[in-house]
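Numbering (our numbering), first residue to last: -5 to 360.
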């Protein structure tokens, strides 16, 4: 009885709705639009419907309040914290790049990407020295097999060619298990084409910094898109992957860790609810818990979002949280701050039939 009681408590967290987002935030082209700054606060950007443009704010975890920041010069599709107290902002259409320097609350224009791109996959290398803009569609609707690499040290772009064109998959970077100067970028799943001739990816693509080019690796356990993926932890050489849409009608609840250096997949159990377009965050280093929120849960009806949360523990696997979001949503802003080891903040996101959500929450682990 004692073991059963402890297992139940392991999945009991408290979701508390706190101050609403200062502006509505959504990000239909990428997963994360919030980055922790070196002073412990969080910089976030997002669209405010129905106004055309983008708006910025700063979240202080001490007071749990939002304050305004200077709005960016364009509507970014993704942001990454890089060196020297800068955040890198990227927009695909039109193609733009800039730095936000938070100590001075100013923006600096950077070299523009080689072309305009819709729905590209974006990640930074583990040390944030380079930004990868992967695949997506050009303005004629053709899916691209090119990946553009931005070098933060030189403000220059280079182009690499992937084995296959891709959009709507997942991309993340990983460390090498033994060489600290070596890293990789992994593309999992996605679509090679969109429309009547849609092709679903059943391969991963891997860029090895020591090789300088891409290789395709079969992914027998994975054929889908709109899944969630992230590095297993900050210094990890593995990727954690969950959910996603499979083929034309399926929706996944299964989760895996993936080692791209050995092309090895390990099953990590099924979520209680199959979902895609969900948000996912890891609560600390090593084998810390993972929290999943929101998403869509009907593969035949993308207008049905879920308000549910689930937690993954490396020993006990998946458990459904009792508390739920006040409003269902997908692609929420979701972040964990190392100074607050038992808390996750989340909110915003998108909901079909509404411009975006204003709700903002603190989830506390017990």
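Idealized CB from N, CA, C, for every residue including glycine.
Bear in mind the structure is a predicted one, so any value in this text is a computation, not a measurement.
Its chain contains 317, 355 and 357 as the residues whose beta carbon lies nearer than 6 Å to that of residue 9, once the 5 sequence neighbours on both sides are disregarded; these appear in chain order. An exposed status is given to residue 280, since fewer than 16 other beta-carbon atoms sit within 10 Å of its beta-carbon.
Boundaries of the beta strand (DSSP E) harbouring residue 313: 311 to 314, taken from the DSSP string. Less than 9 Å separates the beta-carbon of residue 160 from that of residue 128. Taking a C-beta distance under 9 Å as the contact criterion, residue 266 and residue 287 do not qualify as a contact pair.
In terms of Cβ geometry, residue 275 and residue 338 form a close pair [threshold 9 Å].
In the displayed model, residue 91 falls within a strand according to three-state DSSP. Secondary structure of residue 135 (DSSP, three-state): coil. Cβ atoms of residue 300 and residue 322 come within 8 Å of each other, at about 6 Å. With a cutoff of 9 Å on beta-carbon distance, residue 89 and residue 113 are scored as not near each other. Bridge partners of residue 51 according to DSSP: 38 and 62. Assignment of beta-bridge partners to residue 222 by DSSP yields 236.
Here residue 165 has 115, 117, 128 and 181 as same chain residues with Cβ atoms under 6 Å from its own Cβ, once five neighbours each way along the sequence are excluded. Note: residue 169 is bridge-paired with 177 in the DSSP secondary-structure output.
By the neighbour-count definition (other C-beta atoms within 10 Å, threshold 16), residue 131 is a buried residue.
In the structure shown, the three-state DSSP call for residue 78 is coil. Shown here, residue 72 sits in a strand according to DSSP, grouped into three states.
By DSSP's assignment, residue 12 forms no beta bridge with any residue. Following the DSSP letters along the chain, one finds residue 248 inside the beta strand (DSSP E) bounded by residues 248 to 253. Annotated as distal: residue 343 and residue 236, with beta-carbon spacing of 9 Å or more. In the displayed model, residue 282 falls within coil according to three-state DSSP, outside both helix and strand. Ranked by Cα distance from residue 69, the first of 53, 63 and 91 is 91. The C-alpha of residue 135 lies about 18 Å from the C-alpha of residue 107.
With a contact defined as Cβ atoms closer than 8 Å, residue 55 and residue 101 miss out at about 24 Å. Following the DSSP letters along the chain, one finds residue 30 inside the beta strand (DSSP E) bounded by residues 28 to 30. Per the C-alpha coordinates, the member of 140, 295 and 253 positioned closest to residue 186 is 140.
Take the alpha-carbon of residue 150 and the one of residue 105: they are about 7 Å apart. Beyond the five residues adjoining it in sequence on each side, residue 223 comes within less than 6 Å, by CB distance, of 164, 166, 182, 233 and 235 in the same chain, given in chain order.
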